[in-house]
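Asks: 157 is the number that UniProt numbering gives to position 157 of the sequence shown; each next residue is one higher, with no gaps. All residues carry an ideal CB built from backbone N, CA and C; glycine is no exception.
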Amino acid sequence: MSPCAGSASGLPSPRPALGSSRDVLVETPPAASSPHCRTRGRASGAACGAGAARGPGAPATGLKRCCQPGPWGAEQRPGSKSQELPLPPLKFLRSLPPSFVGSLGDVSKSFVDLSDPDEVNSYFAFNVTSALCLTSAALKAFGQRPGVGRTVVNVSSLCAVKPFKNWALYCGGKASRDMMFQVLALEEPDVRVLNYAPGPLDTDMQLLARTKTGDAEMRQHFQSLQESGQLIDCTVSARKLLKLLEEDTFRSGAHVDFYDV
Numbered sequence: 001m002s003p004c005a006g007s008a009s010g011l012p013s014p015r016p017a018l019g020s021s022r023d024v025l026v027e028t029p030p031a032a033s034s035p036h037c038r039t040r041g042r043a044s045g046a047a048c049g050a051g052a053a054r055g056p057g058a059p060a061t062g063l064k065r066c067c068q069p070g071p072w073g074a075e076q077r078p079g080s081k082s083q084e085l086p087l088p089p090l091k092f093l094r095s096l097p098p099s100f101v102g103s104l105g106d107v108s109k110s111f112v113d114l115s116d117p118d119e120v121n122s123y124f125a126f127n128v129t130s131a132l133c134l135t136s137a138a139l140k141a142f143g144q145r146p147g148v149g150r151t152v153v154n155v156s157s158l159c160a161v162k163p164f165k166n167w168a169l170y171c172g173g174k175a176s177r178d179m180m181f182q183v184l185a186l187e188e189p190d191v192r193v194l195n196y197a198p199g200p201l202d203t204d205m206q207l208l209a210r211t212k213t214g215d216a217e218m219r220q221h222f223q224s225l226q227e228s229g230q231l232i233d234c235t236v237s238a239r240k241l242l243k244l245l246e247e248d249t250f251r252s253g254a255h256v257d258f259y260d261v
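1) Give the C-beta separation of Ala209 and Phe258 to the nearest angstrom, bearing in mind that I take them to be a contact with Cβ-Cβ under 8 Å.
2) Assuming contact is defined by CB atoms lying nearer than 8 Å, are Asp233 and Asp202 in contact in what I supplied?
3) Do you know how far the Cα of Ala238 is from the Cα of Pro189?
4) Which residue wins for smallest C-alpha separation from Glu119, given the options Leu169, Lys165, Gly143?
5) Do you know whose CA, among Met179, Ser103, Gly105, lies nearest Leu132's CA?
6) Whose C-alpha, out of Ser228, Leu104, Glu227, Val256, is nearest the C-alpha of Val193?
7) Please go through the same chain and pick out, in chain order, the residues whose beta-carbon is closer than 6 Å to the beta-carbon of Gly41, but skip the five residues on each side of it.
8) Buried or exposed for Pro117, please, with buried defined as at least 16 other CB atoms from any protein chain shown within 10 angstroms of its CB.
9) Suppose only complete runs of 3+ residues qualify. What are the beta strand (DSSP E) ranges in the segment 102 to 177, listed by chain order?
10) Tell me whether the beta-carbon of Lys174 lies closer than 8 Å to the beta-carbon of Met218.
11) Buried or exposed, going by whether 16 or more other CB atoms sit within 10 Å of the CB of Arg251?
12) Using alpha carbons as the reference points, say which of Arg145, Thr151, Ser110 lies closest to Gly253.
13) Starting from Asp257, trace the beta strand (DSSP E) both ways and give me its first and last residue.
14) Under the DSSP definition of a beta bridge, which residues are partnered with Ala197?
15) Run the CB neighbour count on Pro163, radius 10 Å, all protein chains shown included, and call it buried at 16 or more, exposed below.
16) So the alpha helix (DSSP H) Gln223 belongs to, where does it begin and stop?
17) Hey, Arg177 and Val101: beta-carbon distance below 8 Å or not?
18) Cβ of Lys212 within 8 Å of Cβ of Ser108?
19) Measure the C-alpha to C-alpha separation of Ala138 and Gln223 and round it to an integer number of angstroms.
20) For Ala216, count the other beta carbons within 10 Å of its own beta carbon; 16 or more makes it buried, fewer makes it exposed. Which is it?
21) On the three-state DSSP scale, how would you describe Arg251?
22) In terms of DSSP beta bridges, what is Arg239 paired with?
23) If we ignore side chains and look at the alpha-carbon of each, how far apart do Phe124 and Pro146 end up?
24) Locate the alpha helix (DSSP H) running through Thr211, then write down its first and last residues.
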């Protein structure tokens, strides 16, 4: 169902108003990274450096703080104002590149209403392109090292495997990311990859789902989940994710739902 919106940690965060600037943390590896891979994001960008592992003698890596004017799409690039934030040497047994949540999109619109290329491109740039580029940059920056494992968690959804009326953008984005990370699992056998669907979480996204979804039957479904107390607390789902990661028995690239654990 719907993931916790706005934070890789599972906690909702305030959304900036349209037209406002965005403060972004972007990982900067020792060598200059390709401009198109330095994609902006809020919590996902911060997680890129915060979960990284470095062994003894590894080159220093830092985060770059960029001030982004206004809402962004695929055509935009990091702004001119930036500040290097060097990271101290880190010693971990496992690195965890960014986990990704997502935005819901305009669920008042049906498939045939989605005829604006700019709207569609902007949605997929934020929800799919950013996930690919940030993960790619993180895996390059924190490469394979003896004794250090690497795990990538994609915050997935039931919508990656089941269609929901009026949710063409969200379902399409989640399905795209699931397959994208399955490809990563095949290409990089030393990287553990998990597509985790956290269940119907009690977040602002669920509020939007039950009030803004264009299809009346779908709205009623989401309202019933809330009224019957079936929405899941983010902390409960996060604990299940930690259990999965600690046990480390999942097939790399697998789609695992909250109710499967």
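Replies: According to the structure shown:
1) At roughly 16 Å, the Cβ-Cβ gap does not stay under 8 Å, so Ala209 and Phe258 are not in contact.
2) For Asp233 and Asp202, yes; Cβs fall inside 8 Å.
3) Approximately 25 Å, taken between the alpha carbons.
4) The option with the nearest alpha carbon to Glu119 is Leu169.
5) When each option's Cα is compared against that of Leu132, the closest is Met179.
6) Distance check between Val193 and each of Ser228, Leu104, Glu227, Val256 places Val256 closest, using alpha-carbon atoms only.
7) Because the pLDDT of Gly41 is 35, which lies under 50, any placement of that residue in the model is unreliable, and the number read from its coordinates should be weighed accordingly. Once the five neighbours on either side are set aside, the close Cβ partners of Gly41 are Ser130.
8) It is exposed - the Cβ of Pro117 has fewer than 16 other Cβ atoms within 10 Å.
9) Under the rule that a run must span 3 or more residues, the beta strand (DSSP E) segments found entirely inside the segment 102 to 177 read 149 to 155.
10) Result no, Cβ atoms of Lys174 and Met218 do not sit closer than 8 Å.
11) Exposed, because fewer than 16 other Cβ atoms sit within 10 Å of the Cβ of Arg251.
12) Here the closest residue by C-alpha is Thr151.
13) Under the DSSP assignment, Asp257 falls in the beta strand (DSSP E) whose first and last residues are 254 to 257.
14) For Ala197, which the question treats as bridged, DSSP gives the partners Asp257.
15) The residue in question, Pro163, is exposed, as its Cβ has fewer than 16 Cβ neighbours within 10 Å.
16) Bounds of the alpha helix (DSSP H) holding Gln223 are 216 to 227.
17) Not a contact, by the Cβ cut-off of 8 Å.
18) Yes, the Cβ-Cβ distance between Lys212 and Ser108 is below 8 Å.
19) Approximately 39 Å, taken between the alpha carbons.
20) The residue in question, Ala216, is exposed, as its Cβ has fewer than 16 Cβ neighbours within 10 Å.
21) Coil, per DSSP.
22) DSSP, once it has assigned bridges, lists no residue as partnering Arg239.
23) Cα-Cα distance, rounded: 36 Å.
24) Element bounds for Thr211: 204 to 212.
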